[in-house]
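Below is one structure, written out as structure tokens; the observations come after it.
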Amino acid sequence: MKLYIYDHCPFCVKARMIFGLKNLPLELIVMLNDDEQTPKKLIGQKMAPILQQADGSAVPESMDIVRLVDKYDHQPLLNGKSNPAISDWLRHVNGYVNKLLLPRIADASFAEFATPEARSYFSEKKQASVGDFSELRKHAPGLIKNISDDLRQLDKLIVKPNAVNGELSEDDIHLFPLLRSLTLVNGIEWPSRVADYRDNMAKQTQVNLLSSIAA
Ligand SMILES: N[C@@H](CCC(=O)N[C@@H](CS)C(=O)NCC(=O)O)C(=O)O
């Protein structure tokens, strides 16, 4: 099967995770960020991730892909219960974290930004929605402090390094992509349980962290 993604995209990480967890073969295709034609041809809109199945049919929406692939072999892995405290934590952090992440993503060496046009497409689109990146960069120290404080709260919610609630659940699929994105940012204080969970999930899901290109 083929998965069309952007490497920086947390929704794409959700879809990648289920393939890694189940150790299923997958061809990853990183689209240029300004390539509107490929996604529009597959699903009628510019959106990633997109799963192209062996019969050629294309499936959008990360959680639809996760649930479909989890059931492929009739041995689903995501059987654990969700903890409402995890979705509350994610809702709170997702309320501000893009102000920290988007300016760094726009500068990083992701394959979807292999041409200057693809990088500008991203920067212009995102600045139109979250505001001027140079202005946001001035707030980075405060945002890094906020996220470090919030990670200390998350530390108390982590039950095991291999599953946030003790057994793999959709909470893991929602939580790990955000932690992976945060590895793009230098200076964050990672509490030990969160760091163990982040590293263990990267191994289990076969999805790389971004520390090597952090700024
Ligand atoms: N509900 C969708 C959201 C996916 C999404 O927002 N993807 C972003 C990338 S992170 C996207 O493709 N945006 C259009 C663009 O980048 O032009 C899902 O869960 O798959």
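Each residue of the sequence shown is one higher than the last, beginning at 1 in the UniProt record's numbering. Note that CB positions come from ideal geometry on N, CA and C, so glycine has one too.
By Cβ distance below 7 Å, which residues in the same chain neighbour residue i in space, the five residues on each side in sequence not counted?
| i | result |
| --- | --- |
| K46 | E36, P39, K40 |
I'd like to confirm the pairing. Which residues does DSSP put opposite residue i in its beta bridges?
| i | result |
| --- | --- |
| A118 | Note: A118 sits in no beta bridge, so no partner. |
| Y4 | I29, I50 |
| K160 | A163 |
| A58 | Q52 |
So residue i is in the alpha helix (DSSP H); what residue range does that whole segment cover?
| i | result |
| --- | --- |
| V69 | 62-71 |
| H92 | 84-94 |
| G20 | 10-21 |
| L101 | 97-107 |
Near residue i, which residues of its chain fall below 8 Å by C-beta distance, leaving aside the five closest residues on each side in sequence?
| i | result |
| --- | --- |
| G66 | The sequence as given places Val at residue 66; Gly does not occur at that position. K14, A15, M17, I18, L78, E170, I173, listed in sequence order. |
| D7 | V30, F110, A111, E112 |
| Q204 | G20, L21, N162 |
In three-state terms, what does DSSP make of residue i?
| i | result |
| --- | --- |
| A214 | coil |
| V185 | coil |
| D150 | helix |
| D34 | coil |
| P39 | helix |
If we ignore side chains and look at the alpha-carbon of each, how far apart do residue i and residue j end up?
| i | j | result |
| --- | --- | --- |
| D150 | V194 | 11 Å |
| Y197 | L154 | 11 Å |
| Q206 | Y96 | 28 Å |
Near residue i, what residues of its chain come up, given a Cβ to Cβ distance below 6 Å and the 5 sequence neighbours on each side ignored?
| i | result |
| --- | --- |
| C9 | A48 |
| A58 | L42, I43, I50, Q52 |
| V69 | I18 |
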